[in-house]
Amino acid sequence: MIEKEKTNEKTNIKKVIAIMSGKGGVGKSSVTSLVATTLNEKGYKVGIMDADITGPSIPKVFGINNKRAKGNDAGINPVITHTGIKVISLNLLIDKEDSPVVWRGPLIANTVKQFYTEVNWGDLDYLLIDLPPGTGDVSLTIMQSLPLDGIIVVSSPQDLVKLIVKKSLNMAKMMNTPVLGIIENMSYFKCPECGKKINIFGESKVEEIAEEMGVDYIASIPIDPEFVELSDEGKIELYGKIKYGLMEDFGDKILSK
Ligand code: ADP
Numbered sequence: 121m122i123e124k125e126k127t128n129e130k131t132n133i134k135k136v137i138a139i140m141s142g143k144g145g146v147g148k149s150s151v152t153s154l155v156a157t158t159l160n161e162k163g164y165k166v167g168i169m170d171a172d173i174t175g176p177s178i179p180k181v182f183g184i185n186n187k188r189a190k191g192n193d194a195g196i197n198p199v200i201t202h203t204g205i206k207v208i209s210l211n212l213l214i215d216k217e218d219s220p221v222v223w224r225g226p227l228i229a230n231t232v233k234q235f236y237t238e239v240n241w242g243d244l245d246y247l248l249i250d251l252p253p254g255t256g257d258v259s260l261t262i263m264q265s266l267p268l269d270g271i272i273v274v275s276s277p278q279d280l281v282k283l284i285v286k287k288s289l290n291m292a293k294m295m296n297t298p299v300l301g302i303i304e305n306m307s308y309f310k311c312p313e314c315g316k317k318i319n320i321f322g323e324s325k326v327e328e329i330a331e332e333m334g335v336d337y338i339a340s341i342p343i344d345p346e347f348v349e350l351s352d353e354g355k356i357e358l359y360g361k362i363k364y365g366l367m368e369d370f371g372d373k374i375l376s377k
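Pasting the structure below:
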């Protein structure tokens, strides 16, 4: 068993939660951002580590992609969002955000470990880690070497080809990482005219799978054009305020974990 990394002495992180998905495009980064803004609104100190190194999208949705994380001998200072969430992402460290990261797995895995040990996170109630999609190298390194309190698995109805979700859940089990639950994103679309729920990607199976795998079902998030708009404009922090009903419920469920 590999020894878990110790956090550097200047940081005090109470809970570390990684957000995982079986494949890309299901909204893992979006859900990470929503969990972060919800907990932040509830008064908790929150940080996001963007470990999706080759496809980082966290800085963009928070509108901080034009800022740069600065370092000194004491470590790297995360960039702080409009509402006070601390973020670190490779995109905040490289010169041009559109440069591709053409690194091999071990180098990426090392960088991610340094995001934990060498960033001045300060006091945090929650550090959320946005993992790359799938069950590859980086997720393995994080589960092996960082002191995770648990993972949240994000899926979408079409992704609920059971096999893909089960792979993520089984990986967590193999690594003895507790699964806090599953969130289904893009679950349905609510017709703005009649309010009827339309299952664009088919009938949800999230509750069935959660039961079968013995994990908790946390929430279903609808497809929402307003969400895409705010994400594209870098204003994701406004979403929670607009959809407070949904977010309130969502936050309470995460906090009960
Ligand atoms: P992943 O991290 O899984 O690759 P993203 O979070 O980057 O996925 O989301 C992929 C795209 O889908 C983004 O353009 C995002 O704005 C959009 N998206 C995510 N969740 C929703 C939602 N609930 N409603 C509408 N669009 C969404």
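In terms of the numbering used here, the sequence shown opens at residue 121 and continues consecutively. Beta carbons: idealized from backbone N, C-alpha and C, even for Gly.
- Taking A292 as the centre and dropping the five residues before and after it, the same chain places the C-beta of I271, V299 closer than 6 Å to its C-beta, in chain order.
- Using a cutoff of 6 Å, the CB of F182 does not count as near the ligand ADP, since none of the ligand's heavy atoms is closer than that.
- Excluding five sequence positions before and after T203, the CB atoms of its chain that fall closer than 8 Å to its own CB belong to T157, N160, E161, E357, given in chain order.
- Rounded to whole angstroms, the Cβ separation of K135 and D243 is 12 Å, and the two are not in contact under 8 Å.
- DSSP lists I196 as the bridge partner or partners of V239.
- Distance check between N132 and each of S150, L154, G167, E353 places G167 closest, using alpha-carbon atoms only.
- Annotation: P252 to K233 spans about 14 Å, alpha carbon to alpha carbon.
- With distances taken between CA atoms, I302 lies nearest to K282 out of L210, K282, F182.
- The segment 213-258 contains, as complete alpha helix (DSSP H) runs of 4+ residues, the segments 225-237 (chain order).
- For the set N185, I228, V274, T297, the Cα lying nearest the Cα of D215 is the one of N185.
- L247 sits buried, since 16 or more C-beta atoms from the chains shown fall within 10 Å of its C-beta.
- Of the residues assessed, K165 falls on the buried side of the cut-off, its CB having 16 or more other CB atoms within 10 angstroms.
- Distance from the C-beta of F347 to the nearest heavy atom of the ligand ADP is below 6 Å.
- DSSP places M291 inside the alpha helix (DSSP H), whose first and last residues are 282-294.
- By the CB criterion at 7 Å, I208 and M169 fall inside the cutoff.
- When secondary structure is reduced to three states using DSSP, A189 falls in the coil class, being assigned neither helix nor strand.
- Here DSSP, grouped into helix, strand and coil, assigns E327 to helix.
- Between F370 and A339, the gap from beta carbon to beta carbon is short of 7 Å.
- A check of alpha carbon separations from V221 across L375, S141, A194, D172 identifies D172 as the nearest.
- Remark: the shortest separation between the CB of M306 and any heavy atom of the ligand ADP falls under 6 Å.
- Not a single heavy atom of the ligand ADP lies less than 6 Å from the C-beta of K363.
- DSSP places S265 within a helical segment (H, G or I) once states are collapsed to three.
- Taking 6 Å as the cut-off, one finds at least one heavy atom of the ligand ADP near enough to the beta carbon of V146.
- Secondary structure note for D352: its alpha helix (DSSP H) is the uninterrupted segment 345-352.
- Distances between the C-beta of I272 and the heavy atoms of the ligand ADP are all 6 Å or more.
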